[in-house]
Every structure is written in structure tokens, then in C-alpha cells.
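Trainee: The structure that follows is given in the form of C-alpha cells.
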Amino acid sequence: MSKYRTAKYLKSLYREYGPSKPMGMSLSDRSKPHYFLHRNFLGEQDLAILFNTKRCRYQCKFCALPFKSSSDWVSTEDILSQYLYVLQQVKHSLSVLERITIANEGSVFDVETFAPEALADIVRSTKILTRVRKLVFETRLEFIDIARLREVKKISDKQVDILTGFETHDEHIRDNILGKREPLDSFLLGLDKVADTESELTTYILFKPSPYMTDSEAMIEAENSIDYVTTQCHKRAIPVSIRLNPMYVSKQTPWAKLAESNSYKPPRLSDVLELAQEKRREGVKIYIGLTSEGLADTSGTYKGREDFSFKLLNQALQFNSKF
Ligand code: SF4
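Sequential numbering from 102 applies to the sequence shown in our numbering.
What follows is the structure, given as C-alpha cells:
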């Protein structure tokens, strides 16, 4: 055994800053973002930044993210300090970046939570990074303003990908179980705006979003949701990618309470993988969301199910690597 402890040091660094860098913490220091990572994202060099801004104005029943963020306004200067901090941290990687993901655990286009001057300044700065071809913005679709999005494309000279939660095609689950407050009609109006601006879409679909579902019902429901959203995107010529998210029990949410009282079992990763493989064979661009963002105990995730093994997890990671 080496006397220099190099491997031990590297292991602890890798755990802290590698792909499983923890993202569950809340930060009171407004000069730092919630999270950032330079990562290989499905074959692309991505810089993902979760800005620390005023919290999402929604409180969907399954989501604990807003509680992590500030209830007060976070100034343009503070947001830009967060950005500069990240740039400093990743300075040796700037020349290889191919995309930048801008998120704030809510909607970056909501002007009541993310200072628009800060966003414009960040976007403008990315023009310097000529290798970056795409900017990814996480937002609910209702906050897309066509003129503003066109301006974003113009000042950055990049392709735009809108990252948003679709979750399910089932209106009852959307409204009553998830509390999304986004009827299908308004999601479709949002898709029209995505199409108008020739943007791309990446959208989350929840696998087993109702605590009343069986495993086999979950399979059918997720497939119907994928088919629904891909059909709607194809009608509008929107390039679409699906992130299929195995539902997890996000602690202390109303959804978690409902799940506990119904002895809910999270989805089986083997089912999620099977559906994702089937859809990819049909030509859908799809990958699996394997993180619970530090918001759930292991037993409240697919890792708590009887089919789970690291071999299965590796198969899912392999699946994602061929995106
Ligand atoms: S799911 Fe999105 S819109 Fe709903 S509370 Fe969470 S961050 Fe806000």
C-alpha cells in the first residue's frame, strides 16, 4: 500500500466534486450559487449552474425545491457575483464548454424571481465562448416571452433549449395530485412559443406520479405521456428530448404525506429502463433522470425497490451514455 495517501485524497475529491457532487444544500450566502458542475452531459461538455435566487412562486405538491431558496429578492449584483464565482472555479475548462445550463430551481424567465438584467448580462457574456453552441434555460413555459427569447438568441448567437417539466398528460394527476397549476392547454400554448422562436425542448416526465398507481399502471401512464408530448412537439417541428424521471418521495411535501398514507412504492428502475429502451427503439430522444437532487431518502427512490442493484444502475448509466 502507498504511504502517500494519494488515492484516498483523490477519492474524497472525486466524491465531493465529481458527478455525485451533493446538490441538496440550501445556501444563505448570496454570492454563491446553489450548485454548479462542469460535467459530461450525454456526450456534451456542459456547465450547469443552479443560481441562488428568489424562490419559485409555485408550490407544486411533489416538489421541495422552493423551500431551499430565498423568500426575498436576490439582486442583479448578487446573481452576477454567483456567476463570476462559477467562472473563476471552472476557468481551466472554459475553452472546452459546449453548452451552458442556466437554472434556479424554478423558472429563470420569471422576472419576479430571476433579475432579468442579470440574465441578459450572463447571456451576453456567453458570446465570448465560441465553442458553446447551446444555452439551456429551465423555466415553466408560461414565462416565455417571444420577444425576449428572440433577443436572447440574438445577443448570444446560440441555439436555445427550453428545459421544463411536463410530468404527465393526465389532467387529474397534474391538477389534483401534483398541484402543478398548469393545465394542458397552457402547456400547449407554451409549446407554440417554443416553436415560434425555433427553440428546442427538453422535458421531464414523471414515471409513477400518482401514489395510487400500480407498477403496471405507471408503465402505461408514462408511455402515454411520452407519446402525447412527442406528438405535440412533432406537430410544431420542435426538436424534443425526454428526461424520464423515476418519481421519488420528496421529503415533507404534501405529495410525500399522501404517498406515506398509501404505502406508495417508488417505481422500479427496471421498468423505467425497459420503457426508455422501447421508446428509443421507436426513435424518441430519451434519457433517464437518475438523481433525486438530495431531496429523498434512499427508501423513497428507485434504490429502495427489490429489483435495484448497482448492475442495473450501470445499465441505466450506459443507456444514458448512448443518448
Ligand atoms: S416543480 Fe417547478 S414550478 Fe413546481 S414548485 Fe418545483 S420548481 Fe416550482
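Cβ atoms here follow ideal geometry from the backbone N, Cα and C, with glycine treated the same way.
CB of GLN160 to nearest heavy atom of the ligand SF4: below 7 Å?
Mentor: Locating residue 160 in the sequence shown gives position 59, where the first residue counts as 1. Because some heavy atom of the ligand SF4 lies under 7 Å away, the Cβ of GLN160 counts as near it: yes.
Trainee: With a Cβ-Cβ cutoff of 8 Å, do ALA377 and LEU345 count as a contact?
Mentor: Counted from its first residue, the sequence shown places residue 377 at position 276. Counted from its first residue, the sequence shown places residue 345 at position 244. Yes. Within cutoff.
Trainee: Report yes or no: do the segment 271-279 and the segment 230-240 share at least 3 C-beta pairs separated by less than 8 Å?
Mentor: Too few Cβ pairs lie closer than 8 Å, so no.
Trainee: Nearest CA to the CA of SER311: which residue from VAL330, ALA296, LEU279 and PHE288?
Mentor: Position 210 of the sequence shown, counted from the first residue, corresponds to residue 311. Selected option, being the one with the closest Cα: LEU279.
Trainee: Should the segment 323-336 be regarded as contacting the segment 368-382, the criterion being three or more beta carbon pairs within less than 8 Å?
Mentor: As far as the Cβ criterion goes, the segment 323-336 touches the segment 368-382, which means the pair count is three or higher.
Trainee: According to DSSP, is HIS139 part of a helix, a strand, or is it coil?
Mentor: Taking the first residue of the sequence shown as position 1, residue 139 is located at position 38. In this structure, HIS139 counts as strand in the three-state DSSP scheme.
Trainee: The beta strand (DSSP E) spanning GLN333 covers which residue range?
Mentor: Walking along the sequence shown from the start, residue 333 turns up at place 232. Note, GLN333: premise wrong, no beta strand (DSSP E); alpha helix (DSSP H) at 316-336.
Trainee: Which residue marks the beginning of the alpha helix (DSSP H) containing TYR186, and which one marks its end?
Mentor: As a position in the sequence shown, residue 186 is number 85, starting the count at 1. Residues 177-190.
Trainee: Taking only the alpha-carbon atoms, compute the straight-line gap between ASP186 and GLN353 and give it to the nearest angstrom.
Mentor: Start at 1 with the first residue of the sequence shown, and residue 186 comes out as number 85. Start at 1 with the first residue of the sequence shown, and residue 353 comes out as number 252. The amino acid occupying residue 186 in the given sequence is Tyr; Asp does not appear at that position. Computed Cα separation, rounded: 32 Å.
Trainee: Please state the DSSP three-state secondary structure of ALA165.
Mentor: The residue labelled residue 165 in the question sits at position 64 within the sequence shown. It is coil, neither helix nor strand.
Trainee: Return yes when the Cβ of SER342 is within less than 8 Å of the Cβ of THR303, no when it is not.
Mentor: Here residue 303 is taken as the residue at index 202 of the sequence shown, counted from 1. Here residue 342 is taken as the residue at index 241 of the sequence shown, counted from 1. Going by C-beta atoms, THR303 is nearer than 8 Å to SER342.
Trainee: For LYS133, does the three-state DSSP call read helix, strand or coil?
Mentor: Start at 1 with the first residue of the sequence shown, and residue 133 comes out as number 32. DSSP places LYS133 in coil when its eight states are reduced to three.
Trainee: Which residue's Cα is closest to the Cα of PHE244: SER364, ILE263 and PHE424?
Mentor: Your numbering for residue 244 matches position 143 in the sequence shown. Nearest of SER364, ILE263 and PHE424 to PHE244, Cα basis: ILE263.
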